[in-house]
Amino acid sequence: MINNSKYCQKHLDHLIRGICIAKYNQKYQQMICEKCIIEYQIPAGQIISIEDFQKQIFEKSYNLRMNNQLKQHDYQSQLKKVLQQFDEYEVEIAMIQKNMKESINNISNTYKTGDEIFQMLNKQDFNLLQCTQNELGNLVNFLQENIFETWVKRKQIVSTEIQKGEEALESAIKKCTLHVICLTKFRVIQFSTNQEKRETIVQMKGFSKFKNKFKLTDFNITTNLNGDKIYKQKQQILRREKIISGQKDETKFDNLEQIKHLDFKGQYGINGFKIKLWNYFWKGKKVGGGSYNLFGKKVGKWSDLCENYWDEKNIIEEGYYKENNRVGNWTFKWNNRQIGGGQYDQNGEGTKIGNWMELSHNFNCRHQVFDNGEYLNNKKVGKWDIKYKNPVENYFKPIGGGSYDNGINEIKIGNWIELSPHFKENFQIIYTGLYQNGRKVGKWEIKYKYQNEKQFKPIGGGSYDNGGDEIKIGKWIEINEYFKQNSQIIYIGQYKNGIKIGKWDIKYKNQDEEQFKSIGGGTYDIGIEEKKVGQWIELCKRFNWDSQIIFIGQYLNGRKAGRWDIQYKKGECKTFQIIGGGQFFLHQLKVLHLTKIRISVIRLNIQRQN
């Protein structure tokens, strides 16, 4: 319907001057005023008056003889007739279903009776004198004829026919499902010019493989007009995903390895849910799967993939589902060998109970870390151990752990030994300290050891306040995010109320050196905000012995300002050399320009690229 208001909906104090007949533009309405025409530079040829618009609508409808055509093609009556026919089909289908069930039950009872007769013959002590005349006749036939062989063949024929009937019924249901989906498509068609469907591109954050672990990365998902999705990273197509019309669920990926290599194959039901058997494939090889009921809920035996499944974490979780919730015993398997698991309650609520051996958050097939302890009503309670084994060993070694309270909140208490997120087989880092009501308090130490060493050595740490807010205070020695054998970087300085203040030193050593040496650092403002000030020497994220790259320059109110140099030296060299740099200009707290040098270090050779 045409809007009765005389004024423009966008410019409320301007009268409507006409209707724009160009394709709909989200910037302005179809009904436009003089200000719309000027503001959006709408050509005069695309504007007609309301009177002319109504006149043209009437003339086109008259020329098309719309009323006559709508009366002639009485689709409403036709649809009403089809609906009545469906009511009759519903009664007929119910009768067919009832007869099929009765027939199958009769066949089952016949099987049972016949099998019992032949099973009786295997008993040497059965009493012939107690047999009826009919039973004795069957025994005579058994001796003189091949009635057992005939019985077995007859069962096979009947079983084959039942299977064919089941397949025919399933095929018919699939065809009906496709027709219903097509009808659904027509049902949702809307004659709307207000919004055109467009291809969309969404930028996403995810995880990609970097050596034997994951690193944060960017990718994008393009959704086509038909709903199909294309996953891309740097113009490389990682996955094409065809969306089935009406499907209720879509798998959401943030693991680029899964985007590239994980596939699901199965059937969708009439309501768009996954139904019946679905299988999981990794690089084309079947690795798991199970069945869904008609409402898209997992039921029966399943082989699930562990969270973030990929080549370095190819763990299968096996057990049973009841209405989409796990029940009973579940086992974790690696290379067909059980390595963990536990129990869920039988109520179908997916509640963990009793002793569990779980995959730790930093589990990897090369360094298998597990959490072992008790669950009570789905909450961890009491003592929990962190256990570790490498793929060669067949036993677990306790390497950490602590205690949870016995309440309902799964709160850590007392002394704990925790593993670093970067814990590795050949370079093991742990954190040791005290928890109080689930919060770190007091002194915490950072320790490490190499694979073949027996004892952990302190390398850092500091103190938290005792107020329960987990606030760092006083002197701290922290390790770099990429701390490893050939890149042992520590930061030394002071915290005040959880904020870095004053002078902070950056020190470095590799695995062959005994002592840390200063390589960078600077000063933080002594205030309520953590802001860098003055001269700073910062390290490249991937700083290591082979590629020692540093950035030198000034901070002003927490922002880089002025000239910054990029310097580099080889592992064995004593001095750094300038290889690049640029100028930061601050205006309204924005960096307006910076010349960057990109460095690629390969076998100690440097290539400089603008």
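Numbering (the working numbering), first residue to last: 10 to 619. Built from N, CA and C at the ideal position, the CB exists for glycine as well.
Exercise for review: Specify whether the segment 504-524 and the segment 480-493 touch according to this definition: at least 3 beta carbon pairs, one from each stretch, less than 8 Å apart.
Suggested key: yes
### Query
So, helix, strand or coil for N620, using DSSP?
Past the edges of the chain, shown from 10 to 619, lies residue 620, and the structure says nothing about it.
Can you name, in chain order, every residue of its own chain whose Cβ lies under 7 Å from the Cβ of K433, other than the five neighbours on each side? H376
Legend entry - For G363 and G351, the rounded distance between their alpha carbons: 7 Å
Pull up the CB-CB distance for I28 and Q39, whole angstroms please, since I reckon it's below 8 Å.
-> 6 Å
Should Q497 be labelled buried (16 or more other beta-carbon atoms within 10 Å of its own) or exposed? buried
- Query: So is C185 buried or exposed if we call it buried at 16+ other beta carbons inside 10 Å?
  - Reply: exposed
- Closer than 8 Å by C-beta to H20: which residues in its own chain qualify, once you throw out the five before and the five after it? Chain order, please. C42, K44, C45
Check your understanding: Hey, would you say W287 sits closer than 9 Å to G275, going by beta carbons?
Key -> yes
Problem set entry | Supposed contact pair G337 and Q355 - C-beta distance, whole angstroms, cut 8 Å | 6 Å
Please say whether V167 and I116 have beta carbons closer to each other than 9 Å?
yes
| CA-to-CA distance, I252 to Q63, given in whole angstroms | 41 Å
Check: Quick one: Cα of E454 to Cα of G471, how far?
Finding: 7 Å
Assigned exposure category for Q326 - 16 Cβ within 10 Å defines buried: Residue identity differs from the one stated: residue 326 is Glu in this sequence, not Gln. Buried: at least 16 other Cβ atoms inside 10 Å.
| request: Determine, using beta carbons only, whether E266 and S300 come nearer to each other than 9 Å. | output: no
Using a threshold of 8 Å, is the CB atom of K107 nearer than that to any non-hydrogen atom of the ligand MG? With respect to the ligand MG, the structure shown offers nothing to examine, as it has no ligands at all.
(request) Using a threshold of 9 Å, state whether the C-beta atoms of K365 and N381 are closer than that. (result) It is Trp, not Lys, that sits at residue 365 in the sequence shown. Going by C-beta atoms, W365 is nearer than 9 Å to N381.
What would DSSP say about H376, mapped onto helix, strand or coil? strand
- Query: In its own chain, which residues sit with a C-beta less than 7 Å from the C-beta of G391, not counting the 5 before and 5 after it?
  - Reply: G382, E383, S412, Y413, N415
| query | How many angstroms separate the CA atom of N623 from the CA atom of N302? | reply | Outside the displayed range of the chain (10 to 619) lies residue 623, so it cannot be described from this structure.
| request: Would you kindly work out how many angstroms separate the C-alpha atoms of G146 and E101, rounded to a whole number? | output: 43 Å
Subject >> Limits of the unbroken alpha helix (DSSP H) element including Y71 >> reply: 59-72
Delimiting residues of the beta strand (DSSP E) encompassing G657 = Since the first residue shown for the chain is 10 and the last is 619, residue 657 is missing from the structure and cannot be characterised.
* Three-state secondary structure assigned by DSSP to S180 -> helix
Segment contact flag, the segment 575-591 with the segment 548-560, C-beta cutoff 8 Å, min 3 pairs: yes
_For N424, the first and last residue of its enclosing beta strand (DSSP E)_ = 421-428
Q: Just grab the DSSP bridge partners of P407 for me.
A: K396
Practice item. Note down, in chain order, each residue of its chain lying with its Cβ closer than 6 Å to the Cβ of Y444, except the 5 sequence neighbours on either side. Key: K421, I422, W425
Can you tell me which of the three DSSP states D414 falls into?
coil
Exercise. Would you list, in sequence order, the uninterrupted beta strand (DSSP E) runs of no fewer than 3 residues that lie entirely inside the segment 240-269?
Key: 245-250
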